[in-house]
Amino acid sequence: MKQKIYQILGFSIITACVVITLFFLASIIYLITVKGFHSISWEFLTSIPRKSMTEGGVAPAILGTFYLVIGSILIALPLGVACAIYLNEYSPTGYMVNIIRMSINNLAGVPSVVFGLFGLAVFVNLFGFGVSILSGSLTLAMLILPSIISASQEALMAVPYSIREASLALGATHWQTIKKTVLPTAMPGIMTGVILSIGRAAGETAPILFTAATFYRRSYPSSILDETMALPYHIYALMTEGTHPDKQVAIAYGCALILLVLVLLVSAFAIIIRNKYRSGYVH
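See below:
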């Protein structure tokens with residue numbers, strides 16, 4: 003009887019936590035949708051801001067956000083997976099490897115503004131890339147790199163060692179085993195880390211504030227060395243520095259809704275890739 007009471011109590015606590023989480027999630031989505039939906043129009047999605055950003059659209063900010071997110075993923079994903087492969091498959095066990103792994107975990111908790119200052123000092127000034135899409139993408143890549151490494155390591159560790167032994171027993175080399183067997187099996191877990199990283203990269207303001215974003219731009223960026231508008235910084239600018247809050251607050255909520263949809267679309271694409279690898283492994 004006592005065990006049954008504990009079981010019911012534990013299940014009730016877990017259910018309450020899930021309900022509270024879903025409530026806050028639904029509240030955020032509802033608030034952003036209700037306050038931002040009226041600002042959404044074809045002109046809003048395809049035109050540039052006009053009249054002190056009280057009219058027109060946010061197309062440059064949408065495109066800039068897309069560039070920054072895709073650029074950061076293209077940089078961080080191969081680096082993160084390669085690092086995870088080395089740490090999990092090649093590195094000898096020892097004190098130094100444990101320090102590296104602990105450093106990666108600690109790096110994931112560094113405030114994003116620190117990454118922004120690092121990008122300003124290294125990519126903008128030292129390398130001479132200036133305030134540009136390239137500097138912003140590199141900074142965001144450094145920001146999400148620890149998360150991708152950790153997720154990739156966990157995915158690789160979840161692959162049963164018997165699969166590796168079977169591949170090696172058939173005559174495959176270590177690298178062939180990793181490439182043909184281990185990586186495809188671990189890919190769903192790796193893509194889960196990518197999905198979480200997409201949301202963080204798209205929503206960060208501090209890193210791109212110093213390295214990529216500009217308050218206003220009349221044209222679209224023509225190269226990766228151009229500065230760009232971005233939705234997170236555009237929202238911040240409208241809410242804190244806008245001179246016409248009666249109009250700009252509504253635009254800010256519209257930008258937030260677009261940012262939410264953009265993250266969902268990119269994440270959905272990553273989920274499709276993950277499910278493709280998962281179904282291929284199952285069959």
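For our numbering, count along the sequence shown from 1 and bump the result up by 2.
By construction, the Cβ of each residue, glycine as well, lies at the ideal position given by its N, Cα and C atoms.
Here the region 227-240 makes contact with the region 63-77; the two share three or more CB pairs at distances below 8 Å.
In the DSSP assignment, Ser105 falls within the unbroken alpha helix (DSSP H) covering Tyr97 to Leu109.
For Val251, the closest alpha carbon among the candidates Ile15, Phe39 and Phe13 is that of Phe39.
In this structure, the CA atom of Leu266 is about 18 Å from the CA atom of Val36. Using a Cβ distance threshold of 8 Å, Arg166 and Thr179 count as a contacting pair. Where Ile237 is concerned, the enclosing alpha helix (DSSP H) starts and stops at Leu233 to Glu243. Contact check between the region 196-213 and the region 143-152: three or more CB pairs, one atom from each, fall below 8 Å, which counts as touching.
Of Phe46, Gln5, Thr213 and Leu261, the smallest CA-CA separation from Phe129 is found for Thr213. For Phe125 and Ile15, the gap between their C-alpha atoms comes out near 48 Å. Per the coordinates, the alpha-carbon of Ser224 lies some 42 Å from the alpha-carbon of Met159. Secondary structure in the region 176-203: the alpha helix (DSSP H) runs of 4 residues or longer, each lying completely within the stretch, are 176-179 in chain order.
Within the same chain, and ignoring the five residues on either side of Phe46 in sequence, the residues whose Cβ sits closer than 7 Å to its Cβ are Gly59, Val60 and Gly256. Going by beta carbons, Val83 and Ile192 fall inside the 8 Å limit.
Uninterrupted alpha helix (DSSP H) stretches at least 4 residues long and entirely within the region 9-55 occur at 44-48, given in chain order.
For Gly58, the pairing in a beta bridge is given by DSSP as Pro51.
Beta-bridge partners assigned by DSSP to Thr230: Ala215. Distances from the CA of Ile253 to each of Met241, Tyr8, Leu264 and Val263 were compared; the closest alpha carbon is that of Met241. In the three-state DSSP reduction, Thr141 falls in the helix class (H, G or I).
In summary, Gln5 is exposed, with fewer than 16 beta-carbon neighbours lying within 10 Å of its beta-carbon over all protein chains present. Minimum Cα-Cα distance from Ile102 among the listed residues Arg220, Leu262 and Tyr88 corresponds to Tyr88. In the DSSP assignment, Ala171 falls within the unbroken alpha helix (DSSP H) covering Tyr163 to Ala171.
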